[in-house]
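Mapping the sequence shown onto our numbering, position 268 (from 1) lands on 668, and the numbers just tick up by one.
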Amino acid sequence: MDTHEITARISQKLKAQEIVADSERIEAKINRLVMEFGVPPAEAERTILLDILKEHGKQMPKPAASSSADMVAIADIAPGEWVTIEGKVVSVTDPPSPAVAQKGVIADDSGAISFVIFAKGAPALLRQGEWYRLESAVVDEFRGLANLKIHSGTVVTPINEDRPLAPVVTRIADLTPGIASIRAKVTQNWDVRHDRMQQTGLLGDESGTVKFTVWKGGSDQKLATEQAYLIGFASVEEYNGRLSVIIDPASCSFLEDDDIEARTGSAGSMEEALPRMEVKVVSLEASASDAIAAQGIIATADGEYPFTLWANADILPPEQGLCYAIEGAKMGSFRGASRISIGEGALITPIEDRFFPPPPLTTVADLSPGIASVRVKLVQEWESRSDRMLQTGLIGDETGVVKFILWNTGGACKLEENTVYNFFYVIVDEYNGRLSVNLTHATALPEEEGDIEVARDGTTITGALVHIASGSGIVKRCPEEGCNRVLSRQNFCPIHEFKPDFKYDLRIRGSLDDGHIARNILIPREVVESLFQMTLAEAQEIAENQPLGADEVIRQLTERALGRYLKVTARQFEDLFIANHADWLTPDMSRHTALLNRAGGDF
């Protein structure tokens, strides 16, 4: 942060209002707000300017349409930032919750981003087709994508000019989750199965096809079958490795003379066609979606894979334990694991029984997303948070431990202590770099006399805590069963959206540097409480009673920890080390003195 630059900007704005600026006083206020209280520099600048203007009986001047040193292009913003942007509201949709006043998409020449305005303390709603300047908006993350939060502290200024904004067209085969513009033809209209859904079907261009959805609440217009459109700034979403687009008909333009030859094939390069294959259905699980006819695990000659049979394939679901020949299936990827998709045009034919050997045993340390077999025993059982959950906790072997879950499907049995199990066809999932295993539909073979010495300690690393990342301190977590994700400052869950009935947690995310390599580290609540002698209840009291709220908690933790040396025992998941135990390291002054003497010179 350059305090001189911020001071200069404030001074220039005051001079334009015929106010003599006191540079020393301004700089002292900046240092106090930013350095002592952790206020973001952009917010501190705005607060100081407003205070001085009020002292002189003046108001914040309306900004020029395109002149701000700190304005950024939409394509350059990232989660965690406070930003100033200028853009055109290209679509708006009905809010999904009473807590949300408005949702939509705003765009500039560089790109587009979804925005949300919360009902509490909301500024004026934005009008579709109008240009706006937004100051001090917060960039959050929702379902893995950047999302703009317009809150009570955001300055919203209409821009009274209509600037040209040409959408950049993306082929369906090149779509990725986010915002995109498409030139495509409506090839199919499907029956609507949801009260909030206005229209759904299939779009196609020369590169492939993609499912589309129009939700109620916007324009009543429907897209016509076999009609070509230029669809501007549609939201592209991913589910089970398949893409779909959310369309606002008001953002669609007829292409009168454009004859698009739609090609069969799913959106993106996320799926590739598979040759005819013979498989055995190892397990089936219930689906919560009408769009899915069946899902589970199949074994092939090349390995074992989760599969999804889509309802639009119009194929009778297979039976567990039987063998089939499948033609027209596709291989995709979901959360780092390969997944077979059986959709429209595919064919499933029963065949004679075949033997497919189960996957070989894998150690816990070598697990990766997909299907695996493990030899483990119960390490720790946790309290189940829902009637749907039969059992959860930790299982482990000689190489480490991993979280497991058993859903209450009626046929599953709880794991027993001091019993070694061989599990075949285990589903290994990954979220935020952490692995977990789903044992619900796995084949379990307990050993009568076997035993395992479970490795509980993990890896020991030492180093200086050189960085404390955003999302540290006291955080709010989603209360939904099986979720536990960290909420945004506005109590927004990436999956379940607005959650006022959150629960608190305490953690530190940062980097530990030993002089050779910096490692990403996560210190959970129990270790934070031990290190800092600050309980979650004490942190909650600080957050609820101090003027800076949760920022005061992270300020205290940062002041006591940043730059200090730690010895940490942790479990490693990919490039993240999750601490089981940590101690402060006290420098060995005699060794320090000896090194200085060896180096010589005047210190």
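The beta-carbon is built from N, C-alpha and C at its ideal position, and this holds for glycine as well. From a predicted model like this one, the values you see are computed outputs, not experimental measurements.
Check: Does the Cβ-Cβ distance between Ile572 and Val610 come in under 7 Å?
Finding: yes
Margin query: Quick check on Val927: buried or exposed, where buried means 16 or more other Cβ atoms within 10 Å of its Cβ?
Written below: buried
Notebook entry, point to check: Nearest to Asp988 by CA position, among Tyr965, Ala979 and Glu424, is which residue?
Noted result: Tyr965
Checklist line | Nearest residue (CA-CA) to Arg919, options His867, Gln956 and Tyr825 | finding: His867
Notebook entry, point to check: Beta-carbon separation of Ala537 and Leu548 under 7 Å?
Noted result: yes
Item checked: Contacts around Leu985, its chain only, beta-carbon distance under 7 Å, and the 5 residues preceding and following it disregarded -> Thr862, Tyr965, Leu966 and Lys967
Check: Would you say Gly696 and Val636 are within 7 Å of each other, going by their C-beta atoms?
Finding: no
Item checked: Local conformation of Val586 per DSSP, three classes -> strand
Check: Residue ranges of each beta strand (DSSP E) run of no fewer than 3 residues wholly in the stretch 498-525, ordered along the chain?
Finding: 500-507 and 512-518
Note to self: Between Glu817, Arg998, Cys813 and Val490, which has its C-alpha nearest Ile795's C-alpha?
What the structure shows: Glu817
Checklist line | Residue range of the alpha helix (DSSP H) that includes Thr407 | finding: Thr403 to Ala416
Notebook entry, point to check: Smallest Cα separation from Ala650: which of Arg446, Pro675, Gly632 and Lys458?
Noted result: Gly632
Notebook entry, point to check: Can Gly601 and Trp590 be called in contact, C-beta distance under 7 Å?
Noted result: yes
Item checked: the stretch 751-770 touching the stretch 697-712, judged by at least three CB pairs closer than 8 Å -> yes
Notebook entry, point to check: Hey, out of Gly504, Gly617, Leu716 and Glu752, whose CA is closest to Gly529's CA?
Noted result: Gly504
Item checked: Cβ shell of Leu414 (< 7 Å), same chain only, five flanking positions each side left out -> Ala421 and Ile452
Checklist line | Counted within 10 angstroms of its Cβ, other Cβ atoms place Thr749 as buried (16 or more) or exposed | finding: exposed
Checklist line | Coarse secondary structure for Ala475, derived from DSSP in three states | finding: helix
Check: Is the stretch 579-598 close to the stretch 723-734, with three or more CB pairs under 8 Å?
Finding: no
Check: Does the stretch 872-889 come within contact of the stretch 845-852, defined as at least 3 CB pairs closer than 8 Å?
Finding: no
Notebook entry, point to check: What residue from Ile419, Gln417, Leu449 and Glu418 has the CA that sits closest to Thr407's CA?
Noted result: Leu449
Next item on the list: With a 10 Å radius around its C-beta and 16 neighbouring C-beta atoms as the bar for buried, classify Ala624 as buried or exposed.
Entry: exposed
Notebook entry, point to check: Helix, strand or coil: how does DSSP classify Ile917 here?
Noted result: coil
Next item on the list: Count the other CB atoms, across all protein chains shown, that sit within 10 Å of the CB of Pro718; report buried if there are 16 or more and exposed otherwise.
Entry: buried
Item checked: Residue closest to Ala628, alpha-carbon to alpha-carbon, out of Ala979, Val645, Leu655 and Ile908 -> Leu655
Next item on the list: Might you give, ordered along the chain, the residues of its own chain that have their beta carbon closer than 6 Å to the beta carbon of Ala416, omitting 5 neighbours on each side?
Entry: none
Next item on the list: Please classify Asn997: does DSSP put it in a helix, a strand, or coil?
Entry: helix
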